[in-house]
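K.L.:
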Amino acid sequence: MSTPAPSATATARANQATARHELFFFNYFRLGQAAVYTALAFRPEHMAWPALPDPVLARGMALAYLFAALVMVARTRTMLHRPVLAVSIGLVLDIAAAVLALILMHDVRMGVAMMLAVNIATGALLLPLRLSMFFAAVATLAMLGHSLFDVDQPGSSDRELVEYGLFGAAYFACASLCYVLGRNIRATEALAEQRGIDLANLSQVNELIIRRLKTGVLLVDEGNRIHQLNESAWMLMGNPAADQRDLGSLAPELSRRLYHWRTSGKLDESATMLADGTPEVVPRFSRLAPNDDSHVLIFLDDTSLVSRRAEELTLSSLGRLSASIAHEIRNPLAAIHYSAQLLAESTELADTDVRMVEIINNHCVRLNEIIENILQLSRRERSRPETLDLGRWVHDFVSEYRQGNDLGADILRAVSGSEPVAAVADPQHLQQVIWNLVQNALRYGRMPSEPARVMVVARHSEAGVPILEVIDRGPGIAPKVAAQIFEPFFTTHEYGTGLGLYLARQMTEANQAALEYVRVAGGGSCFRISLTPPARTPAAAPVAARA
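Position in the sequence shown (from 1) plus 63 gives the number in my numbering.
Here it is as structure tokens:
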């Protein structure tokens, strides 16, 4: 498997770090080189070596080079953003100083040429290949040019020409090798930087996953001291203080079980409570390494979560079973209802028999509603949200409801403000939920001997959230009953199914909304749906523009 290439950010960061180190080394080496030239130029008078044909000029050159080296060292940090330019200027100074040193201090030509090789090699670590070869060529030509220029001077020989030629070859070799070395170093550092970032990100992800686990996780050493624990473990242990790390004092029962597991290898799987007011847990233990008890991981399984999962699985299985049973009941129920209707058409029925037929028809209707609700739960499709103007939508809904239902003396009206109320929801689901709530309000939300008065309101909440409300002026719902109205099959009416409000809440949650009951001051009930506001997208632009 191939190694992924480091990102551009990591490469740039690695290149900058490499340039910083190499540029500092380069400038400090130049400073040492200038100090050597200065020491040779200011040698004591009684020392005849090296010979200085012009001591004043040699000392002036050494001091100028020393000053330039000091300036380069002082401005290293400011030159980091342009390392190529800084290295190029430095190499020009180094080559010029080396040529002058060869002329003014001829006896130390070999040392000068060798130190210049270090300058060329260090510069090649930071420069592109062509520029590195250019400075190697300039240094070689400068050496050879000095040898040719000095060939007629006393003491010169062909040997110096050969030596400078060999130094030139060394310059090219050092520049090539150091360029390759620098490129590999930068690639390696960039890869290491990227691996460090990936490792840090992975560590943060793992820490976040462990922290958000529903299962409590603790890391305990051999001295029963807690090193790490996640949020679930912290809550299951009764929210201890941050400085309390001794497992024996925080959870004695858990410490006892850990000791028993360490000594005997047997695990007690019975549920226990670690602190007052916390759920019961089942602890499990695991070593970080085989046959190593220095650190142990403790997993705390919340029994309430296990029970809840089992209950969810049971309800899911019961739902599928109920759907299949309901489907099988529909055909015989339809036959019973049809037979009762035919029997009701007979003119020879007594009054008591007519009453019996009415009871049969009523219960058949009720059973059919229960079956329809159960089948609707089992085959409900996913929501297809759209951006709706709730003000216009409630007026259309009330108009459609009036056309399809005889209200008689009952009153149903839509209420919306002058400003549009935009929300995201599935219109079919919303239609079904509001229809169910309006049906309940017209049926139960009335005072004795008075017509029902129901409003469907579209407005913004104080926080700017779009909401729909179905409000009636009936007797309201008792607090004890209101706490259970959204549970399945809970009903206070003789012919109620107990699934209408449960279905309504399920559909609102499928649309990322919330349905709640709100008691109205002065009498009455209010079922409020808090919907999702539209995002700032092109699809929501028309509604947002009207708002």
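Using N, Cα and C, we set each Cβ at its ideal position, and we do this for glycine too. A quick note: this is a predicted structure, and the numbers were derived from the prediction, not measured.
Does DSSP classify Q575 as helix, strand or coil?
P.N.:
Three-state DSSP puts Q575 in coil, outside helix and strand.
K.L.:
Is P483 buried or exposed, if buried means 16 or more other CB atoms sit within 10 Å of its CB?
P.N.:
With 16 or more other Cβ atoms within 10 Å, it is buried.
K.L.:
Under the DSSP definition of a beta bridge, which residues are partnered with Q291?
P.N.:
Q291 pairs with L282.
K.L.:
What are the complete beta strand (DSSP E) segments, minimum 3 residues, inside the stretch 490-562?
P.N.:
Here the runs fully enclosed are 516-523 and 529-535.
K.L.:
Looking at the structure shown, is R106 part of a helix, part of a strand, or coil, going by DSSP?
P.N.:
Here R106 sits in coil by DSSP.
K.L.:
Could you name the residues of the same chain whose beta carbon sits closer than 7 Å to that of L62, not counting the 5 residues immediately before and after it, in chain order?
P.N.:
Past the boundaries of the shown model lies residue 62; the chain is included only from 64 to 610, so the question cannot be answered.
K.L.:
Can you give me the C-alpha to C-alpha distance between T415 and I534, rounded to a whole angstrom?
P.N.:
If you take the alpha carbons of T415 and I534, they lie about 40 Å apart.
K.L.:
Taking the C-alpha atoms as reference points, what is the distance between F460 and R536?
P.N.:
Answer to the nearest angstrom: the Cα atoms are 20 Å apart.
K.L.:
If you measure between the beta carbons of T366 and P342, is that distance less than 8 Å?
P.N.:
It is a contact, given that the beta carbons lie within the stated cut-off.
K.L.:
Report buried or exposed for Y401, applying the criterion of at least 16 other Cβ atoms within 10 angstroms of its Cβ.
P.N.:
Exposed, by the Cβ-count rule.
K.L.:
Hey, quick one: how far does the alpha helix (DSSP H) through D459 stretch, first residue to last?
P.N.:
Run containing D459: L453 to G467, per the alpha helix (DSSP H) assignment.
K.L.:
Nearest to E408 by CA position, among I248, V420, I399 and E391, is which residue?
P.N.:
When only C-alpha atoms are compared, the closest one is V420.
K.L.:
Just list the alpha helix (DSSP H) runs in the stretch 160-188, keeping only unbroken ones of 4 residues or longer that don't cross its boundaries, in chain order.
P.N.:
172-187, all fully within the stretch 160-188.
K.L.:
Out of S481, F590, M178 and P596, state which residue places its alpha-carbon closest to the alpha-carbon of G527.
P.N.:
That would be P596, whose Cα lies nearest to the Cα of G527.
K.L.:
On a Cα-Cα basis, can you pick out the residue from I530, A577 and E525 that is closest to F549?
P.N.:
Of the candidates I530, A577 and E525, the one whose C-alpha sits nearest the C-alpha of F549 is A577.
K.L.:
Can you list, in chain order, the residues of its chain with a C-beta nearer than 8 Å to that of D215? Leave out the 5 residues immediately preceding and following it.
P.N.:
With a pLDDT of 48 at D215, under the threshold of 50, the predicted position of this residue should be treated as unreliable, though the coordinate-derived value follows. For D215, where only same-chain residues beyond five positions count, there are no Cβ hits under 8 Å.
K.L.:
Using DSSP's beta-bridge definition, name the partner residues of A488.
P.N.:
In the DSSP output, where bridge partners are listed per residue, A488 has E449.
K.L.:
Check R145 in the structure and name its three-state DSSP category.
P.N.:
The answer is coil: DSSP assigns R145 none of H, G, I, E or B.
K.L.:
By the three-class DSSP mapping on this structure, what secondary structure does T595 have?
P.N.:
The answer is strand: DSSP assigns T595 an E or B state.
K.L.:
Terminal residues of the continuous beta strand (DSSP E) containing L470?
P.N.:
Careful: L470 lies outside any beta strand (DSSP E) and carries neither H nor E.
K.L.:
Closer than 6 Å by C-beta to E223: which residues in its own chain qualify, once you throw out the five before and the five after it? Chain order, please.
P.N.:
These residues qualify, in order along the chain: S210.
K.L.:
Run through DSSP, which three-state label would V583 get?
P.N.:
Coil, per DSSP.
K.L.:
Using the beta-carbon count (16 or more within 10 Å), is G328 buried or exposed?
P.N.:
Exposed, because fewer than 16 other Cβ atoms sit within 10 Å of the Cβ of G328.
K.L.:
Given this structure, state the Cα-to-Cα distance separating N287 from L281, to the nearest angstrom.
P.N.:
Approximately 11 Å, taken between the alpha carbons.
K.L.:
Using CA coordinates, which residue listed in H358, G340 and M336 is at the minimum distance from Y322?
P.N.:
Considering only alpha carbons, the answer is H358.
K.L.:
Are the CB atoms of A314 and L337 nearer to each other than 8 Å?
P.N.:
It is a contact, given that the beta carbons lie within the stated cut-off.
K.L.:
Would you call the stretch 508-520 and the stretch 561-572 in contact, with 3 or more CB pairs under 8 Å?
P.N.:
Counting Cβ pairs under 8 Å, fewer than three are found: no touch.
K.L.:
Flag this pair as yes or no: are the beta carbons of L103 and V171 separated by less than 8 Å?
P.N.:
Yes; because the gap between Cβ atoms is below 8 Å, this pair is in contact.
K.L.:
If I'm right that R455 touches D489 with Cβ under 8 Å, what's the distance once you round it to whole angstroms?
P.N.:
With 8 Å as the limit, R455 and D489 do not qualify as a contact, their Cβ atoms being about 17 Å apart.
K.L.:
Rounded to whole angstroms, what is the Cα-Cα separation between Q502 and L475?
P.N.:
Approximately 11 Å between the Cα atoms of the pair.
K.L.:
Excluding the 5 residues preceding and the 5 following A77 in the sequence, name in chain order all residues of the same chain whose CB lies nearer than 7 Å to its CB.
P.N.:
A caution first: A77 carries a pLDDT of 46, below 50, which makes its placement in the model too unreliable to give a value.
K.L.:
Exposed or buried, which one is T450 when buried takes at least 16 other CB atoms within 10 Å?
P.N.:
T450 is buried by the Cβ-count criterion.
K.L.:
Could you tell me whether the stretch 167-187 touches the stretch 84-92, using the rule of 3 or more Cβ pairs below 8 Å?
P.N.:
Segments in contact, yes.
K.L.:
Kindly list the residues whose CB is nearer than 6 Å to the CB of R325, restricted to its own chain and excluding five residues on each side of it in sequence; keep chain order.
P.N.:
Cβ within range, chain order: D356.
K.L.:
Could you check what DSSP says for R308 in three-state terms: helix, strand or coil?
P.N.:
Three-state result, R308: coil.
K.L.:
By the three-class DSSP mapping on this structure, what secondary structure does T410 have?
P.N.:
Coil, per DSSP.
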